[in-house]
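Residue numbers (full-length UniProt numbering): 1 to 583. Just below is one structure, and these are the notes that go with it.
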């Protein structure tokens, strides 16, 4: 039996010779499918034709030279015996026998055959529509642009025919029943379409058709209407009989999708043995048509077009097809053994699917308002310690980078690099802090030498003036000497050398050993402490080391003057004799 691919892929060229061959009896119904070059098409390539691809091929055909529509569209000859059998079974009461294999029932074979033919009618309708347009474009070329539906186009052509295109004649056709269909244009077209067709008909530049050409067009219109009627009969029959042969499957996914799956699987037995993961890809020809498969859902087959899946959002259809496919196989197995002829199992499976799909599509629950934390007036804890400080210093901005990020107002920024624009780097205020002087060295605060908190500087000698000038103390004739006039200054800050003060002032001392040397305050304090300890230990009882408590008489420079030793002369009392008594 031929399929729609067999009929659509026949050789229809634009030359008149090919059209004559078709007229002379070229059989395209039971012959092998041929492509445009006469090469036989393989069986696996027949399934690669999608509906859109088939329509595109039909639009490329030039059927104006074909004189008989039956040589192009031969499906109607196959439909006629099927329609007779359907009328015969519809006249009998619908009964179902639970004994034996349901696939052996003759009406079941008619059911699958009807479903297969109903899917082929769409391609046949497109072919007949192209045939009518190519022939009737001589009379009314604008009509195919105004009426795009194939059935309506065939009805309008059958009503208008070859009548005059003046306004009065076209208006009369709106209600006239003197045509092969027995209805007016108002019964076929709506108000806006009818008004546009009426206006375009009066301004059309078409030519009047010959009676023989008009007869060919009317025959094609009759075939179009007959195909539409046959499809309606087949669809109604399939939907009415699917409730008998597969009640649970029909309840779950609908009669049309159930019939398509049964036809693809070869029956209930094949469908019940099919893994659920393979069902979504059945009937999907998006990849074969050369369309993109990486956008949206890739597997758009029979199950994708079912009623239960169409109501699901696009981003959830893939997961929904997995859920339905699992229950679909269970329903097919139930129908295979005739365990639930009333469809109760299918209804239960559909309820389970709808429950899961509803749970899948419901919005996420509202978490509610979250309470703010209790306000805390305590200062936030910050990480401290040597390691934390080192980590902060490693990421801190250096003074050099800070100076680069600043710009002096009214001054041109210096740049380094090559060229202009992105090839140069601005220096900002680097080197502009001491303009006109020798530029001081940029000291990195992270690596500079730092003074300890206990010892703020070197030396303990300073003057009362706070280090305004340097002085050197030593051993010799003077206690200190002022070098202010000698030009001895250090980094612009006057240093006091040899004074009793402390701080950052430096101390220089003249010693009999080294001469001029720098005094280390810490070392000097240690030596002084050691010396005092030794003096307290060895000379505690001596007179030379006993310091007076205050500046008392008989002391010089803080030391006591020792008393003279006792006289060695004997006291004879001569000096202390009293005068003799008076007589």
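Backbone N, C-alpha and C define an ideal beta-carbon position, used for all residues, glycine too. In this text the structure is predicted, and so the values were computed from the model without any measurement.
At which residues does the beta strand (DSSP E) containing residue i begin and terminate?
{"i": "residue 69", "result": "Looking at the DSSP string, residue 69 is not in any beta strand (DSSP E), and its letter there is neither H nor E."}
I'd like to confirm the pairing. Which residues does DSSP put opposite residue i in its beta bridges?
{"i": "residue 415", "result": "426"}
Terminal residues of the continuous alpha helix (DSSP H) containing residue i?
{"i": "residue 259", "result": "255-265"}
{"i": "residue 224", "result": "211-245"}
{"i": "residue 308", "result": "307-310"}
{"i": "residue 171", "result": "167-173"}
{"i": "residue 407", "result": "Premise fails: residue 407 is in no alpha helix (DSSP H) and is neither H nor E."}
{"i": "residue 80", "result": "75-91"}
{"i": "residue 368", "result": "From DSSP, residue 368 is part of no alpha helix (DSSP H); its letter is neither H nor E."}
{"i": "residue 272", "result": "268-272"}
Please classify residue i: does DSSP put it in a helix, a strand, or coil?
{"i": "residue 518", "result": "strand"}
{"i": "residue 387", "result": "helix"}
{"i": "residue 162", "result": "coil"}
{"i": "residue 139", "result": "coil"}
{"i": "residue 380", "result": "coil"}
{"i": "residue 351", "result": "helix"}
{"i": "residue 183", "result": "coil"}
{"i": "residue 339", "result": "coil"}
{"i": "residue 191", "result": "helix"}
{"i": "residue 568", "result": "coil"}
{"i": "residue 303", "result": "coil"}
{"i": "residue 454", "result": "coil"}
{"i": "residue 314", "result": "helix"}
{"i": "residue 561", "result": "coil"}
{"i": "residue 529", "result": "helix"}
{"i": "residue 431", "result": "coil"}
{"i": "residue 449", "result": "coil"}
{"i": "residue 150", "result": "helix"}
{"i": "residue 524", "result": "helix"}
{"i": "residue 178", "result": "coil"}
{"i": "residue 421", "result": "helix"}
{"i": "residue 392", "result": "helix"}
{"i": "residue 437", "result": "The predicted position of residue 437 is uncertain, since its pLDDT is 46 and thus under 50; a value taken from the coordinates is nonetheless stated next. Residue 437: coil per DSSP, three-state reduction."}
{"i": "residue 155", "result": "helix"}
Where residue i and residue j are concerned, what is the direct C-alpha to C-alpha distance, given to the nearest angstrom?
{"i": "residue 394", "j": "residue 529", "result": "42 Å"}
{"i": "residue 552", "j": "residue 563", "result": "Low confidence applies here, because residue 552 scores a pLDDT of 48, under 50, leaving its location unreliable; read the following figure in that light. Those two C-alpha atoms are separated by around 15 Å."}
{"i": "residue 69", "j": "residue 188", "result": "23 Å"}
{"i": "residue 591", "j": "residue 327", "result": "No information on residue 591 is available, as it lies outside the stretch 1 to 583 that the chain covers here."}
{"i": "residue 318", "j": "residue 123", "result": "29 Å"}
{"i": "residue 149", "j": "residue 162", "result": "21 Å"}
{"i": "residue 113", "j": "residue 350", "result": "27 Å"}
{"i": "residue 386", "j": "residue 404", "result": "29 Å"}
{"i": "residue 281", "j": "residue 311", "result": "19 Å"}
{"i": "residue 131", "j": "residue 224", "result": "10 Å"}
{"i": "residue 266", "j": "residue 134", "result": "39 Å"}
{"i": "residue 367", "j": "residue 373", "result": "17 Å"}
{"i": "residue 485", "j": "residue 419", "result": "Below a pLDDT of 50, predicted positions are generally treated as unreliable, and residue 485, at 40, falls in that range; the measurement from the model is reported next regardless. Roughly 53 Å between the two C-alpha positions."}
{"i": "residue 561", "j": "residue 568", "result": "21 Å"}
{"i": "residue 384", "j": "residue 378", "result": "17 Å"}
{"i": "residue 147", "j": "residue 364", "result": "47 Å"}
{"i": "residue 412", "j": "residue 397", "result": "24 Å"}
{"i": "residue 428", "j": "residue 381", "result": "37 Å"}
{"i": "residue 313", "j": "residue 205", "result": "49 Å"}
{"i": "residue 535", "j": "residue 524", "result": "16 Å"}
{"i": "residue 253", "j": "residue 137", "result": "43 Å"}
{"i": "residue 301", "j": "residue 307", "result": "13 Å"}
{"i": "residue 121", "j": "residue 151", "result": "13 Å"}
Could you check whether the Cβ of residue i sits closer than 7 Å to any heavy atom belonging to the ligand COA?
{"i": "residue 147", "result": "No copy of the ligand COA appears in this structure; indeed no ligand is present at all."}
Does residue i have its Cβ less than 8 Å from a Cβ in chain C?
{"i": "residue 351", "result": "In the displayed structure, chain C is absent; only one protein chain is listed."}
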